[in-house]
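So the sequence shown is residues 10 to 274, counted in my numbering. The next block holds one structure in the form of C-alpha cells; read it before the comments.
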Amino acid sequence: METPIGVLRDPVFFQNVKQIKALNQTEAKRIDREAKQVEARSLVSGDVMTLPYDYLVLAMGSEPCIPPISGTDLEGVHTLQGVEDAEALKATMEGGACHHVVIIGGGLIAMKSAEAFVSRRCSLGLDCSVTVVEVLPQVLSFLDPEMALLVQRHLESKGVKVFTGEQVVRIEGENGRATRVVTSALEIAADLVVVATGVRPTVKLAQETGLEIGPTGGIATDLHMCTNDPSIYAVGDCAKTRCLTGPNHCPPTFPSAPPPTSRVG
Ligand SMILES: Cc1cc2nc3c(=O)[nH]c(=O)nc-3n(C[C@H](O)[C@H](O)[C@H](O)COP(=O)(O)OP(=O)(O)OC[C@H]3O[C@@H](n4cnc5c(N)ncnc54)[C@H](O)[C@@H]3O)c2cc1C
C-alpha cells in the first residue's frame, strides 16, 4: 500500500484525499442486477454487507492459467500474480535451498521472472541454474522470429538455458517437493518451478449474474466498456477490449452507450 518512495496509500488516504471509500480484504460475492446492489463479505470479520450502486464497474483482473499436467500442486511450484508470490520466490532464493529454477512458458512474465532470478542469483552469489521451457518455436510469440531470437540470445548470454519447441508433460517430485520438469524429450532438474503459461480473465461473478462473456473469455463490452447491462461496465484484464492496432480488433457488440461521465455529469 505504498508508493515506490514509501508514501502510504491506505483506505484513510483514499477517504481523506480522494473521498473514495476503499474496502480492503472484502470480497464481492454476488451482484443483484434487479436491485442494483452488490453483496460483499469482509474476509476479516466475516460480516456481510450490501452495497447499492447506480453504475457498477467490474475490474476483477485475471488469474494464472495452469496447464493440465501432473505435479503443479507440488511444493516449490509457483505462479506469479501478486506481491505475495514474488515475496515467496524471493524468500526461497534467499533461503539458499534453490539450485535449479525452471520457468514454464516463454512469454513476458517468464522473461521478467528470468531476469529477476538472474539478477538475484548474482546479488546473492548463488550457484543456481535458470531454465526457460517454451512449447512454441520461439520465446515472446508476438515478436517476429528474428527479434525473439535476439531476446533468446541475450538470455543465453546471461547464463539462462532456453528450450523452445518443448512441451512440458509433467512435474515430478519426491516427498511432496518438485525435483524435475519433464518434457517429451528432456528431464530438467528443478527445485523451484514458475508456471508462467498465461492468464485468463476473472469472470465468475459476471457470469453468475448473467453478463455476456466475449469470444476470448473476457466480459463482453462495447466501445465504451459497457457490458450487456447498461448500468455495468467492465475494464482491465477481466474485460474484452477492442484492439486498435491488431488484425483481431472486435467491432462493438452492443449499441454504443455514452460514457458514464456524460450520463451522471
Ligand atoms: C509478474 C507480472 C508482471 C507484469 N508486468 C506488466 C508490465 O510491465 N506492464 C503491463 O502493462 N502489465 C504488466 N502486467 C499485467 C498487469 O499487471 C495487468 O494487466 C493489470 O494488473 C490488470 O489490472 P486490473 O486492474 O484489470 O487487474 P488486477 O491488477 O489484477 O486487479 C484486480 C483486483 O481485483 C481483485 N478481485 C478479484 N475478484 C474480486 C472480488 N470478487 N471481490 C473483490 N476483489 C476482487 C483482485 O484481488 C485484484 O486485486 C504484469 C503482470 C504480472 C503478473
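Every residue, glycine too, gets a C-beta built ideally from N, C-alpha and C.
Local Cβ density within 10 Å of residue i, reported as buried at 16 or more and exposed below that
| i | result |
| --- | --- |
| residue 243 | buried |
| residue 156 | exposed |
| residue 147 | buried |
| residue 29 | exposed |
| residue 254 | exposed |
| residue 87 | buried |
| residue 36 | exposed |
| residue 228 | buried |
| residue 161 | buried |
| residue 271 | Note on residue 271: pLDDT 44, under 50, position unreliable in the model; no value is reported. |
| residue 122 | buried |
| residue 126 | buried |
| residue 12 | exposed |
| residue 40 | buried |
| residue 97 | exposed |
| residue 58 | exposed |
| residue 164 | buried |
Residue nearest to residue i in terms of C-alpha spacing, selected from the options
| i | options | result |
| --- | --- | --- |
| residue 210 | 202, 218, 110, 224 | 224 |
| residue 63 | 45, 77, 90 | 45 |
| residue 68 | 246, 253, 52, 178 | 246 |
| residue 82 | 222, 55, 187 | 187 |
| residue 173 | 57, 193, 72 | 193 |
| residue 195 | 93, 40, 143 | 143 |
| residue 107 | 213, 198, 91, 222 | 198 |
| residue 135 | 109, 113, 117, 150 | 109 |
| residue 76 | 60, 113, 48, 49 | 113 |
Start and end residues, beta strand (DSSP E) containing residue i
| i | result |
| --- | --- |
| residue 233 | Careful: residue 233 lies outside any beta strand (DSSP E) and carries neither H nor E. |
| residue 154 | Run containing residue 154: none in the beta strand (DSSP E); it sits in the alpha helix (DSSP H), 154 to 166. |
| residue 240 | No beta strand (DSSP E) contains residue 240, which DSSP labels as neither H nor E. |
| residue 77 | Run containing residue 77: none; DSSP gives neither H nor E here. |
| residue 179 | 177 to 183 |
| residue 143 | 138 to 143 |
| residue 50 | 46 to 51 |
| residue 196 | 196 to 198 |
| residue 40 | 35 to 41 |
| residue 187 | 186 to 192 |
Bounding residues of the alpha helix (DSSP H) (the contiguous stretch that carries residue i)
| i | result |
| --- | --- |
| residue 117 | 117 to 133 |
| residue 215 | 213 to 217 |
| residue 101 | 92 to 103 |
Residue i: CB within 7 Å of a non-hydrogen atom of ligand 1
| i | result |
| --- | --- |
| residue 119 | no |
| residue 51 | no |
| residue 70 | yes |
| residue 131 | no |
| residue 161 | no |
| residue 247 | yes |
| residue 37 | yes |
| residue 147 | no |
| residue 220 | no |
| residue 90 | yes |
| residue 211 | yes |
| residue 201 | no |
| residue 214 | yes |
Cβ-Cβ separation, residue j to residue i (assumed contact under 8 Å), whole Å
| i | j | result |
| --- | --- | --- |
| residue 220 | residue 238 | 6 Å |
| residue 202 | residue 111 | 5 Å |
| residue 80 | residue 181 | 6 Å |
| residue 133 | residue 103 | 7 Å |
Closer than 8 Å to chain D by CB, residue i
| i | result |
| --- | --- |
| residue 95 | Note that chain D does not occur in the displayed structure, where there is just one protein chain. |
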